[in-house]
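Asker: Let me give you the structure first, and then I'll get to my questions.
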Amino acid sequence: MIAPARYVKLPVFEVISGYTEKAVRRKIEEGRWLEGKEYRRAPDGHILVDLEGYYKWAEGQAQAV
């Protein structure tokens, strides 16, 4: 059995969510996503999306509408 990863690289996140890599980078640059909440940087510098953080962010957006 394979357990899903909590942290995924941007190409995988794009497939899972539909958000492009550019859209994610924009959210980070504009400060809408915070390091340690919605994403982390791996030791090699790659951006890893925290799926738990993303789900919390998405639920918060849906509730605000």
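Residue numbers for the sequence shown follow my numbering, beginning at 53 and rising by one. Glycine residues also receive a C-beta, built at the ideal position from the N, C-alpha and C atoms. This one's a predicted model, so the numbers in the text were calculated from it and none came from an experiment.
Quick one: what's got a C-beta closer than 7 Å to H98's C-beta in the same chain, skipping five residues either side?
Answerer: Same-chain partners within the cutoff: K61.
Asker: Is the beta carbon of Y59 sitting closer than 7 Å to the one on D102?
Answerer: Contact: yes.
Asker: Give the range of the beta strand (DSSP E) segment to which K61 is assigned.
Answerer: Residues 59-61.
Asker: Note down, in chain order, each residue of its chain lying with its Cβ closer than 7 Å to the Cβ of A94, except the 5 sequence neighbours on either side.
Answerer: Only L100 meet the Cβ criterion.
Asker: Among the candidates Y106, R84, E111, whose CA atom is the shortest distance from the CA of I68?
Answerer: Of Y106, R84, E111, the residue nearest in Cα terms is Y106.
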